[in-house]
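Student: Okay, here's the structure, questions in a sec.
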Amino acid sequence: MPKVSDHFDGQNFFNPYLSGPRKSWDILYWMLTRKPIPWPKSYHLQQHKIQSQRVAEGELQVTFINHSTLLIQIDGLNILTDPIWSKRASPFRWLGPKRIGLPGIKLQDLPPIDYVLISHNHYDHMDIPTLKTLQQIHAPLIFTGLGNKHYLNRCGIKNVEEFDWWESTTLLNKNKLTYVPAQHFSARGLLDRDKTLWGGFTLQGSKHLIYFAGDTGYGPHFNEIRSRIGVPHLSLLPIGAYKPEWFMQPVHMSPKEAVKALKDLGSKHAIAIHFGTFQLSDEKIHDPFEELNLALKEYQLSPEHFIVLNPGEVRKFS
102 MPKVSDHFDG QNFFNPYLSG PRKSWDILYW MLTRKPIPWP KSYHLQQHKI QSQRVAEGEL
162 QVTFINHSTL LIQIDGLNIL TDPIWSKRAS PFRWLGPKRI GLPGIKLQDL PPIDYVLISH
222 NHYDHMDIPT LKTLQQIHAP LIFTGLGNKH YLNRCGIKNV EEFDWWESTT LLNKNKLTYV
282 PAQHFSARGL LDRDKTLWGG FTLQGSKHLI YFAGDTGYGP HFNEIRSRIG VPHLSLLPIG
342 AYKPEWFMQP VHMSPKEAVK ALKDLGSKHA IAIHFGTFQL SDEKIHDPFE ELNLALKEYQ
402 LSPEHFIVLN PGEVRKFS
């Protein structure tokens, strides 16, 4: 059992910058009154081959696969974030948010995977079938937040290490990985809300500092990450699942808030995540891109500052 802290009360984890979790009637009201704009049932997507099995020390290459799944290739290591290849982000094969496009890379076409980062336990971020396949093929070391190791072990997934916020470990190539705060929540069922910790990760390479936000609302933690760890060269920031904002804002950023987060962090570049794969909220499928472009113009930033990649697309950073 974790010790009582500024984000754990002895029973549940909580967001120190929020007054409390959303109320049950807020969730019920949203479910009864929501009017989501239907997304396409599917769209054609060409799957790609990995360009490099590994990159050299001092090099950084990022492949956007889908949703919050990216392949980070840095200093000779291959790292996956929140991997999901399943057809649904759900405990059921027949019910729940269904993907509308294939992942940009086939699971069997991945290069050797050394590490997997799991930000939190929601089904669109901690996908058990994908993790089991990765374990069988690659046997990566998995990093995640407090409380998730026990669940993963029960599912037959081993080689898991869990962290509290601000705890760090050193990877094989001396890169430093730190689990950092996010403003979100956790749950996989009706009775386990906030029993496990949510967060993001920073990765300090030989030349690059990378920040993977996971799922998060906008909050003071971006400035705190910059103050305690440094200015990321690259931030991986969510831009989707934010409408209606009266309900989603505490735990999901809008594109404009993601640009504000980029400014808070001081990052030279960001890559957009958490969009266009599963319809989790009420915005139209193109809303995140259109609102991101408007926010970039408002803050006088070019699209090269906040990059939107197609699934399977690769970007190299010097």
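The letter at position 45 of the sequence shown is residue 146 when you use the working numbering, and the numbering goes up by one with no holes.
Think of the CB as a built atom: it goes at the ideal place given N, C-alpha and C, for glycine as much as any other residue.
Please look up how many angstroms separate the CB atoms of Leu337 and Ala314, rounded, as I've assumed it's under 8 Å.
Tutor: About 6 Å separates the two Cβ atoms, so the contact holds.
Student: Who are Leu181's beta bridge partners in DSSP?
Tutor: Note: Leu181 sits in a beta bridge opposite Leu172 and Val217.
Student: Starting from Asn374, follow the beta strand (DSSP E) in both directions and report where the run begins and ends.
Tutor: Going by the sequence as given, residue 374 is Ile instead of Asn. Where Ile374 is concerned, the enclosing beta strand (DSSP E) stretches over His370 to Ile374.
Student: Quick check: what's the CA-CA separation for Phe115 versus Asn222?
Tutor: Each residue's Cα considered, the two are about 15 Å apart.
Student: For Glu263, name the three-state secondary structure that DSSP assigns.
Tutor: Looking at Glu263 - three-state DSSP - the assignment turns out to be strand.
Student: Using only the alpha-carbon positions, how far apart do Leu253 and Ile219 sit?
Tutor: In a straight line, the C-alpha of Leu253 is about 11 Å away from that of Ile219.
Student: Do you know offhand how far Leu395's Cα is from Ala371's?
Tutor: Cα to Cα, Leu395 sits roughly 16 Å from Ala371.
Student: Between which two residues does the beta strand (DSSP E) holding Pro339 run?
Tutor: Note, Pro339: beta strand (DSSP E), Leu335 to Pro339.
Student: Which value, in whole angstroms, describes the spacing of the CA atoms of Lys250 and Ala288?
Tutor: Near 14 Å, if we compare the C-alpha coordinates of Ala288 and Lys250.
Student: What are the partner residues of Thr270, as DSSP defines its beta bridges?
Tutor: In the DSSP output, where bridge partners are listed per residue, Thr270 has Leu278.
Student: Who are the Cβ neighbours of Pro117 in its own chain at under 7 Å, not counting the five residues just before and after it?
Tutor: Correct list, in chain order: Asp107 and His108.
Student: Beta-carbon within less than 8 Å of Ile408's beta-carbon, same chain only, minus the 5 sequence neighbours each way: which residues are those?
Tutor: The residues are His370, Ala371, Ile372, Ala373 and Arg416.
Student: Output the boundary residues of the alpha helix (DSSP H) element that contains Asn254.
Tutor: First-last of the alpha helix (DSSP H) with Asn254: Asn249 to Arg255.
Student: Counting C-beta neighbours from all protein chains within 10 Å, is the total for Glu263 16 or more, i.e. buried, or is it exposed?
Tutor: So Glu263 counts as buried.
Student: Taking the alpha-carbon positions, what's the Ser297 to Gly205 distance?
Tutor: Correcting the residue type first, residue 297 is Thr in the shown sequence and not Ser. Distance between the alpha carbons of Thr297 and Gly205 is about 30 Å.
Student: Would you decide whether Ala240 is buried or exposed? Buried here means 16 or more other CB atoms lie within 10 Å of its CB.
Tutor: Looking at its Cβ environment, which holds fewer than 16 other Cβ atoms inside 10 Å, Ala240 is exposed.
Student: If you draw a straight line from the C-alpha of Ile128 to the C-alpha of Phe348, how long is it?
Tutor: Going from the Cα of Ile128 to the Cα of Phe348 covers about 8 Å.
Student: For the segment 375–383 against the segment 341–356, do three or more pairs of beta-carbon atoms, one drawn from each stretch, fall closer than 8 Å, so that the two count as touching?
Tutor: The answer is yes - the segment 341–356 touches the segment 375–383, with three or more Cβ pairs under 8 Å.
Student: Could you pull the start and end residues of the alpha helix (DSSP H) that Arg327 belongs to?
Tutor: Its alpha helix (DSSP H) spans residues His322 to Ile330.
Student: When the Cβ atoms of the segment 170–190 are set against those of the segment 226–245, are three or more pairs found closer than 8 Å?
Tutor: Yes, the segment 170–190 is in contact with the segment 226–245.
Student: Should Val281 be labelled buried (16 or more other beta-carbon atoms within 10 Å of its own) or exposed?
Tutor: Val281 should be labelled buried.
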